[in-house]
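For reference, the structure is listed below as structure tokens.
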Amino acid sequence: MTNPAQRRLTMLVAGVCALASLAAGAMVATSASADSGAGAGVGGVSVGVRPAKPLTGVVIALDPGHQLGNSNPAFATELSQTRWNGTIVKGCNTTGTATDGGYPEATFNWHVALKVRRTLTDLGATVHMTRSVNSWNAWGPCTWDRGKFGASVGADFMVSLHADGAIPSGHGFFIIAPAVTKGWTDDIATESRRLARAMIAGMTKAGATPSTYISGATLVWNDQNTLNFADVPTVIVEQGNMRNAGDAARMTSRAGRDEHARWIVAGIRRYLHR
Ligand code: ZN
């Protein structure tokens, strides 16, 4: 995934999928407006006006955190790369956490991201993802490439999906936003904080529980590669605590992951006011 040719291919595939889905959506919208035409006189609704998809024109970068193969010893060299991020020298990427039962964070993030992408695309948005697989035979990309990804695809903003591995008694989600680091995040820090506040408000209203162990469900940090290398507003969503039994039960069920996806979409729509 760090190979540029591969990344171009991934973006191309994502673009094709988005177009196919838009075409399918257009067909649905056509038949919907035909149906609503029967009662179109009521309330002054004009016949033949197709309802616009609310997120048309919005470009969103989604970053499903980690990669399953980051645990694969075959990739130890790649993962041991380091870079200065404006605050500290940090590594390429990590394995991520897991539930006590062994369900990996990389896989959880991946499945939620796929569902979020599908929903946002159906709403008219263009969505690009930082990785195209969740595989034991793949690693990365490095967090500095994830950070730069949003700007590289012309995204309006980026949401990075993660899950925490904290004390078992704590549960709920929180957001990590970039602190102001001169020459690094001073261009995106304010807007990223706005994105963070909107995510918290939107997710909470949709039913997600704010963290019981992070005050205000917000951390403002200056040492995260994904945030420090970003050139569009970016936040990290720690979607829950994989070491908490209740959060883990939700994360390991398909219905639970769909719920997580719904919360993320609600946060994004809150930010966009649409
Ligand atoms: Zn993570």
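Position 187, counted from 1, in the sequence shown is what the working numbering calls 1434; the numbers after and before it change by one each time, with no gaps.
Note that beta-carbon positions come from the ideal geometry of N, C-alpha and C, so glycine has one too.
Beta-bridge partners assigned by DSSP to G1338: T1329.
CA-CA distance, A1492 to N1475, rounds to 32 angstroms. Under the DSSP definition of a beta bridge, S1407 partners with D1310, I1483. For the pair V1359 and L1367, the Cα-to-Cα distance works out to about 12 angstroms.
Taking the CA atoms as reference points, V1482 sits about 20 angstroms from S1379. When only Cα atoms are considered, A1345 and A1424 end up about 23 angstroms apart. Spanning the alpha carbons of W1383 and T1342 requires a straight line of approximately 11 angstroms. Under the three-state reduction of DSSP, W1386 is assigned to coil, being neither helix nor strand. Taking a contact to require three or more Cβ pairs closer than 8 angstroms, the segment 1370-1378 and the segment 1448-1468 do not qualify as touching. By the neighbour-count definition (other C-beta atoms within 10 Å, threshold 16), P1351 is a buried residue.
Take the alpha-carbon of I1447 and the one of V1306: they are about 21 angstroms apart. For F1421, the uninterrupted beta strand (DSSP E) segment begins and ends at 1421-1425.
Closer than 6 angstroms to some heavy atom of the ligand ZN: that describes the Cβ of H1409.
Distance between V1484 and S1407, taken at the CA atoms: about 6 angstroms. Around N1332, the same chain offers N1472, N1475 as residues with beta carbons nearer than 6 angstroms, after the five sequence neighbours per side are excluded. Per the coordinates, the alpha-carbon of I1335 lies some 46 angstroms from the alpha-carbon of A1299.
In the pairwise beta carbon analysis, the segment 1488-1506 is classified as touching the segment 1404-1418: at least three pairs are separated by under 8 angstroms. Uninterrupted alpha helix (DSSP H) stretches at least 4 residues long and entirely within the segment 1417-1482 occur at 1436-1452, 1472-1475, given in chain order. Relative to the non-hydrogen atoms of the ligand ZN, the Cβ of G1343 comes within a distance shorter than 6 angstroms of at least one. With distances taken between CA atoms, S1462 lies nearest to I1422 out of V1479, G1430, I1422.
Relative to the ligand ZN, G1419 has its C-beta separated by 6 angstroms or more from all heavy atoms. One alpha carbon belongs to G1316, the other to I1511, and they sit about 25 angstroms apart. For H1507, the uninterrupted alpha helix (DSSP H) run begins and ends at 1501-1519, by DSSP. In terms of side-chain proximity, the C-beta atom of G1312 is found nearer than 6 angstroms to a non-hydrogen atom of the ligand ZN. Rounded to whole angstroms, W1468 and A1426 show a C-alpha spacing of 5 angstroms.
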